[in-house]
Amino acid sequence: MSDRNCGECTLCCKLMGVPELKKPAAKWCASCDQGKGCSIYEERPQSCRNFQCFWLMDENFPDEFRPDRIHALAAFNDVKDSCVLHVDPAKPRAMGSPEVQALTDALLKVYSKVFFLCGKESAMMQR
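In this text, residue positions in the sequence shown follow the numbering used here: the first is 528, and each later residue adds one.
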């Protein structure tokens, strides 16, 4: 486990859905103080507690891959041998950035499938 912290990154508070709060994916959470963190962190819902950001978990991810810097975050998926790359729909061109391409290549070395979610758009790459 990494010793990293979120810093100013709060992108998960936008991209991830939170069923307990009826918060849809790709919309800012009302409890998020953007650039600072969760205003209800100690009482945050279970789905928020369960979420694991790959950048936080693995210090081998370069600092420049921090989700708020590349407008995308990688996370676990329910489908076996796959992960999800959530891309900020406000920054759809992030999909073609060198950083996201490099991240995708790295993820495909570990997982056989990478699912991409960008708002209502989705795609999948397979090695």
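Positions of the beta carbon are idealized from the N, C-alpha and C atoms, including for glycine.
Asked, Found
"For Cys565 and Arg571, believed in contact at Cβ under 8 Å, the rounded distance", "6 Å"
"Span of the beta strand (DSSP E) around Ala650", "648 to 653"
"Segments of 4+ residues assigned as alpha helix (DSSP H) that fall wholly inside the region 589 to 637", "594 to 597, 625 to 637"
"CB contact flag (Val641, Leu612, <7 Å)", "yes"
"Element boundaries [beta strand (DSSP E), containing Leu644]", "640 to 645"
"Beta-carbon spacing of Ser645, Pro616 below 7 Å", "According to the sequence provided, residue 645 is Cys. The question's Ser does not apply to it. In contact: Cys645 and Pro616 (Cβ atoms closer than 7 Å)."
"Pairwise C-alpha distance: Gly562 and Ser609", "29 Å"
"Cβ neighbour criterion (16 or more within 10 Å) applied to Asp595", "buried"
"Close-in-space but distant-in-sequence residues of the same chain around Val627 (CB under 6 Å, 5 per side omitted)", "Ile597, Ala599, Ala621"
"Span separating the alpha-carbon of Cys540 from that of Arg593", "14 Å"
"Per DSSP, the bridge partner or partners of Lys501", "With the chain running from 528 to 654 in the structure shown, residue 501 is simply not present."
"Continuous alpha helix (DSSP H) stretch holding Gln561: start and end", "Segment: none, Gln561 is in no alpha helix (DSSP H) and carries neither H nor E."
"Limits of the alpha helix (DSSP H) - the one that Ser495 falls within", "Outside the modelled stretch of the chain, which goes from 528 to 654, sits residue 495, for which no answer is possible."
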